[in-house]
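The structure appears right after this line, and notes come after that.
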Amino acid sequence: MKKIISLLVVGVMAVAMLAGCGVTNSGGRVSTDGSTSMEKVIGALGESFMAENKNVTFTYNPTGSGSGIKAVLEGRCDIGLSSRSLKDEEKAQGLKETILAYDGIAIIVSPANPVSDLSLEQIAAIYTGEITNWQDVGGNDASIVLIGREAGSGTRDGFESITDTVDACQYRQELTSTGDVITTVSQNPDAIGYASLASVKDSVKMLSVGDVTPSEGTVKDGSYVIQRPFVLVTKDGTALSETAQKFFDYITSEAAADIISAAGAVAAN
Amino acid sequence: MKDKKKAFERAVHGVFLILGLTSVCCVLLITVYLIISGIPAIHEIGLIEFLFGTTWASTAAEPAYGILPFILTSVYGTAGAIVIGVPIGFMAAVYLAKVAPPKVKTVMESAVSLLAGIPSVVYGLVGMLVLVPGIRKMFHVPDGASLLAAIIVLAVMILPSIIKVSVTALEAVPKEYEDASLALGATPVETCFRVSVPAAKSGIAAAVVLGVGRAIGEAMAVMMVSGNAANMPSLFQSVRFLTTAVASEMSYAAGLQREALFSIALVLFLFIMLINATLNFFLKRSKEG
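Top line first, the protein sequences correspond to chains A and B.
The numbering of the first sequence is my numbering, which starts it at -8 and goes up by one.
The numbering of the second sequence is my numbering, which starts it at 558 and goes up by one.
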């Protein structure tokens, strides 16, 4: 009997605490704006934040990194989202970056392809059409089939900016999803493609880049170079609203790391 | 009592009228919306440059919005599908309408109906997993995702409409024509091709136009097998159709790029209107003839 009563008391207290949380945050709003590549990560974080804090409204406006940074500058949102580091001139305008997570982009080929390592320069040369035969990089005598993503894809943007091949890639196929890229590459022994590290399956082989195998560890310590940061952009010297600060602390805490990795990125903290 | 009945009749008429107008309203709404959202980009880019520009680089630092590759791809792709699909479909229709024994006919007709009911994404999937690697191996090209793959998928997809409409047209040919031909000593094959087919030619033409309409409007299946690179069309090259150009960039597009996608949709819409007008022309003639 006593046990039941104490359990009940604990239950009531827990409910009261949760309710207390809700009260302190009633009517709070957090608005984020920016990178489309961060949709999965920020969406998952926003959902769990809203689940833990009732009455808080979380909004995410997927407009692209550039316009997200602009939105922070103009005060149109609390936190800007960018899937690239801030440029110096952007920092000079009083913006501050906090790295939320890292996203690795894996270079994939068919398991039948003997090539298992390429340097960043080789990858760039392959994608710009300078190297067109696998023979030149130690593979079979076969034409290289370049598989990429559609214009506007965050992964394509990340890949092209890291390999310095923006608008210069000679794609054979431009597919509209990560899954399509993986399926197509797995089907063609001469194909090469890129996909978000978290999505890569066993049906394709991940290449090491400059002898570094892509993994959560190598992405985190920076030795795997084809990666980009997911950045939270705020205004330096301007305090966030109470709710926005709470959200900021929440997503950069260790507790959020699991959610971030479940969404396919490597948490920075 | 009579008045009540009359009022009821009128009410039912009103309901039918509204329901009938719904589809008309939808068409009007879409047309107006497409024109309003499609014109500004054409105006900004310039009609000639938009329709006859050969480079499409909507997200480049210096964007180019030329849709000639898409237009040509759609035209070539549809033409290719017709070249492969029409002879097969037409012969199948002749067989079904004039030669096949009833049992075979029942089985084949239900198979054709089933073919018509397969969702286009399934065509695309089978094409992607079977046809694309097949083309790669058969023609020794580096990659099978090409205009040819799209043409073959489209040819199969338009078969049902061609067969069904042609069969109906051939069956509508009065039996007396054929009997007269046979009585004059013509063989069944001669009767078929010299009498029945010419008599049904408007209906068969309508079937072809219907096939063209289906082929040019298809997006999902061709998107999965054609590779989607904005190249000028060539049989073994990766190509992008008018439909897939809209579908593949819509989710990310903003600003002028988005408006240009609406302009592509408008061009596609005009193509389809043209095809529908042709279809109506043939159908009218087939009724009169």
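Glycine included, each C-beta is placed from N, C-alpha and C at the ideal position.
- Glu165 of chain A has a beta carbon lying within less than 8 angstroms of a beta carbon in chain B.
- Secondary structure of Phe238 of chain A (DSSP, three-state): helix.
- In this structure, the straight-line span from the alpha carbon of Ser74 of chain A to that of Gly59 of chain A is close to 10 angstroms.
- Of all residues in the stretch 764 to 780 of chain B, the ones placed with a Cβ closer than 9 angstroms to any Cβ belonging to chain A are Met780, in chain order.
- The closest CA to that of Leu625 of chain B, considering only B:Ile587, B:Cys749, B:Ile829 and B:Val824, is found on B:Val824.
- Within 7 angstroms of the CB of Val100 of chain A, no CB atom of chain B is found; the nearest one sits about 13 angstroms away.
- Segment contact: the stretch 815 to 832 of chain B against the stretch 665 to 676 of chain B, fewer than three CB-CB distances shorter than 8 angstroms; contact not assigned.
- Under DSSP, Gly760 of chain B takes part in no beta bridge, so it has no partner.
- Short of 7 angstroms from the beta carbon of Asp249 of chain A, and not among the five residues preceding or following it, lies no beta carbon of its own chain.
- Within the stretch 239 to 253 of chain A, no residue places its CB atom closer than 8 angstroms to a CB of chain B.
- Gly37 of chain A and Asn46 of chain A have their C-alpha atoms roughly 13 angstroms apart.
- In the three-state reduction of the DSSP assignment, Ala142 of chain A falls in the coil class, being assigned neither a helical nor a strand state.
- Counting along the chain, Arg567 of chain B sits inside no beta strand (DSSP E); it lies in the alpha helix (DSSP H) bounded by residues Lys559 to Ile602.
- Less than 8 angstroms divides the Cβ of Ala763 of chain B from the Cβ of Phe839 of chain B.
- Taking 8 angstroms as the cut-off, the beta carbon of Ser723 of chain B is found closer than this to the beta carbon of Ala650 of chain B.
- Secondary structure note for Ser232 of chain A: it is in no beta strand (DSSP E), with a DSSP letter that is neither H nor E.
- With respect to Gly95 of chain A, Ile217 of chain A sits close: the two C-beta atoms are nearer than 8 angstroms.
- By the rule that beta-carbons nearer than 8 angstroms mark a contact, Asn44 of chain A does not touch chain B.
- Excluding residues up to 5 positions away in sequence, Gly85, Leu86 and Lys87 lie with their Cβ nearer than 8 angstroms to the Cβ of Asp227 of chain A in the same chain.
- For Phe49 of chain A, the uninterrupted beta strand (DSSP E) run begins and ends at Thr48 to Pro53, by DSSP.
- Contact with chain B is found for Tyr162 of chain A, since one of that chain's Cβ atoms lies less than 8 angstroms from the residue's Cβ.
- At a Cβ-Cβ threshold of 8 angstroms, Ile692 of chain B and Ser677 of chain B do not count as neighbours.
- For Gly623 of chain B, not one C-beta of chain A is nearer than 8 angstroms to its own C-beta.
- Under the Cβ criterion of 8 angstroms, Gly691 of chain B is not counted among the residues facing chain A.
- The C-beta of Leu585 of chain B has fewer than 16 other C-beta atoms within 10 Å across all chains shown, which makes the residue exposed.
- One thing to note: Tyr622 of chain B has its Cβ within 8 angstroms of the Cβ of Ile602 of chain B.
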